[in-house]
Amino acid sequence: MVEITESALDLATLIAAVAGNDAGAVVTFQGVVRERSDDDRPVLGLSYEAYPAMALPEMRNICREAEAAFPGIRIALAHRVGELALGEASVAIAVAAPHRRSAFDACAYVIDELKKRVPIWKEERYVGGDVAWRENPAGENMPQRA
Amino acid sequence: MVEITESALDLATLIAAVAGNDAGAVVTFQGVVRERSDDDRPVLGLSYEAYPAMALPEMRNICREAEAAFPGIRIALAHRVGELALGEASVAIAVAAPHRRSAFDACAYVIDELKKRVPIWKEERYVGGDVAWRENPAGENMPQRA
Amino acid sequence: MAANISVRVLAFARVRELLGCAEWTLQLPPGATVADAWEALAERAEPLRALASSTRLAQNGRIVDGGAPLHDGDEVALLPPVGGG
Amino acid sequence: MAANISVRVLAFARVRELLGCAEWTLQLPPGATVADAWEALAERAEPLRALASSTRLAQNGRIVDGGAPLHDGDEVALLPPVGGG
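Just so you know, the sequences run in chain order A, B, C and D.
Under my numbering, the first sequence has 155 at position 135, and the numbering climbs by one with no breaks.
Under my numbering, the second sequence has 130 at position 110, and the numbering climbs by one with no breaks.
Under my numbering, the third sequence has 1245 at position 7, and the numbering climbs by one with no breaks.
Under my numbering, the fourth sequence has 1319 at position 81, and the numbering climbs by one with no breaks.
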């Protein structure tokens, strides 16, 4: 299950999509809108924009890479777009695995790669009315053109 | 929030206990009853037994150690006891953190240490009627007496 | 002389805001490249040039170099550094 | 001669099953140690000795060596290797 949605993310739905009696471990990750930006400005909310025709295939690629690297796992991945309030989840991942180490490692792989590779953009809205497009750190972004 | 309970674990309750607008990442772990034992026998269910007067303080110690190692995080930890069916969660952890790396690392720390140190025991019931007490692997168990 | 090709260009995030439009239809001469599509937009909005080094180009959903040749009906996307997660 | 001390012993998992009882009350002479409590149970159930090397001993919720002196009212726990998680 891989999706981009304007609706609030529901972790239980993602967990149900990966659950099974062959799984001994289920790890989830949620990225949540914080009240402070990375440069410590007070945040009112975020807005995410995606290029779904490219983002969805790339999200599926990332899941397939993790499933190949960690045999026996299942992954569900959802990213929200549109306006988000403080405390709401922007991205949610559920990984079911035979054992916990591969569940943790696969879940971390998926969020790390998503932040580098998936064409989704974030605009922060600040107290006072300013807005700014915020990029993931350089080490977490695709190499740019020379 | 640290507890040992005979009731089914509810991940949403644990997540709510750690949520807050200062958190940018929420990672959860659930240990789930698998249909195959580690030595590949078909499992019908498990039963867990605890020494709560020692297990609860040790669970709190582990959470405090993680909170000291990863500043700004919050942890909720619950372990179930009694009879569990396939697919049910035996342990659930939720960690909220400013950033994802500390959420993943703290969550892994808590389950690793719980498996080593907390006085809780597991009995597996197999297809056919056998039962057996199952210890965590030696590397994940407290040093025994010489 | 061969007919022009028609290319759809999608702009996202800060690139979209700078261009003032999310979706363009460009008529380009046969043999035009992805870089030519970029140049056609930069001529309409000179400040776009400041984003050249940070903007990746995709053709039909795949990242390409500027030299990639375009075909009628292609979709080109202008992708600033990503911020998802 | 001083009065005996009374100690509560809790047994868990395979140790509990081997002893057939989860909770014992032992009367021990003054100066008895945790190891003496273990020995008193092993005399009642000789197969317990096979678990000596794998069983940890706790006194009032803390892991101790067998040499730890006991006090009236102490709680001793016999802890086989753990299996939680």
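A virtual CB, placed ideally from N, CA and C, is assigned to each residue, including glycine.
{"Item": "Keeping to the same chain, check which residues put their C-beta closer than 7 Å to that of ALA1273/C; ignore five residues upstream and five downstream.", "Value": "GLY1304 and GLY1305"}
{"Item": "Residues of chain B with CB closer than 9 Å to the CB of LEU1317/D, please, in chain order.", "Value": "TYR71, MET74, PRO139, TRP141 and MET162"}
{"Item": "Does the distance between the C-beta of ALA1288/D and the nearest non-hydrogen atom of the ligand ATP fall short of 6 Å?", "Value": "With respect to small molecules bound, the structure shown includes none, and the ligand ATP cannot be examined in it."}
{"Item": "Output, in sequence order along the chain, the residues in the region 31 to 46 of chain A whose CB is closer than 9 Å to any CB in chain B.", "Value": "LEU31, ALA32, ILE35, ALA39, GLY40, ASN41, ASP42, ALA43, GLY44, ALA45 and VAL46"}
{"Item": "Which residues in the same chain as ASP58/A place their Cβ atom closer than 8 Å to its Cβ, once the five residues preceding and following it in sequence are excluded?", "Value": "ARG154"}
{"Item": "Using only alpha-carbon positions, find the residue among ALA123/A, ASN161/A and ARG137/A that is nearest to VAL52/B.", "Value": "ALA123/A"}
{"Item": "What are the start and end residues of the alpha helix (DSSP H) that includes TYR129/B?", "Value": "120 to 137"}
{"Item": "Could you pull out every residue in the same chain whose Cβ sits closer than 8 Å to the Cβ of ILE131/A, ignoring the five residues on either side in sequence?", "Value": "PHE49, GLY51, VAL111 and ILE113"}
{"Item": "Does any residue of chain A bring its CB to less than 7 Å from the CB of GLY1322/C?", "Value": "yes"}
{"Item": "Mind checking GLU168/A: buried by the 16 CB within 10 Å criterion, or exposed?", "Value": "Residue coverage of chain A in this structure runs from 21 to 166, which leaves residue 168/A outside it and unanswerable."}
{"Item": "Within 7 Å (strictly less), CB to CB, does GLY107/B reach chain A?", "Value": "yes"}
{"Item": "Determine whether the beta carbon atoms of ALA1315/C and ALA1296/C lie at a separation below 7 Å.", "Value": "yes"}
{"Item": "What does TYR68/A pair with, by DSSP beta-bridge criteria?", "Value": "GLY102/A and LYS142/A"}
{"Item": "Straight-line CA distance for ALA166/B to VAL151/B?", "Value": "Note that ALA166/B has pLDDT 42, beneath the 50 cutoff, so the model's placement of it is unreliable and the number below is only indicative. Roughly 28 Å separates the two Cα atoms."}
{"Item": "Does ASP1312/D pass the burial test, meaning 16 or more other C-beta atoms within 10 Å, or should it be called exposed?", "Value": "buried"}
{"Item": "Three or more C-beta pairs under 8 Å: does that hold for the region 65 to 74 of chain B against the region 95 to 107 of chain B?", "Value": "yes"}
{"Item": "Just reading off the beta strand (DSSP E) that ILE1301/D is part of, what are its end residues?", "Value": "1300 to 1302"}
{"Item": "Could you tell me which of PRO1268/D, PRO1267/D, SER1244/D and ARG1252/D sits nearest to SER1292/D, measuring between CA atoms?", "Value": "ARG1252/D"}
{"Item": "DSSP on THR1271/D, reduced to helix/strand/coil?", "Value": "strand"}
{"Item": "Considering only the alpha carbon of each residue, which of TRP1262/C, SER1244/C and GLU1261/C lies closest to ALA1270/C?", "Value": "SER1244/C"}
{"Item": "Indicate the three-state DSSP secondary structure (helix, strand or coil) for ARG1294/C in the structure shown.", "Value": "strand"}
{"Item": "Run through chain C and tell me which residues come within less than 9 Å of SER122/A, C-beta to C-beta.", "Value": "Under the 9 Å cutoff, chain C gives no residues; its nearest Cβ is about 21 Å from SER122/A."}
{"Item": "Can you check which of these residues, PRO157/A, ARG145/A and GLU160/A, is closest to SER67/A by C-alpha distance?", "Value": "ARG145/A"}
{"Item": "Mind listing the chain B neighbours of ARG1252/D? Cutoff is C-beta to C-beta under 7 Å, in chain order.", "Value": "TRP153"}
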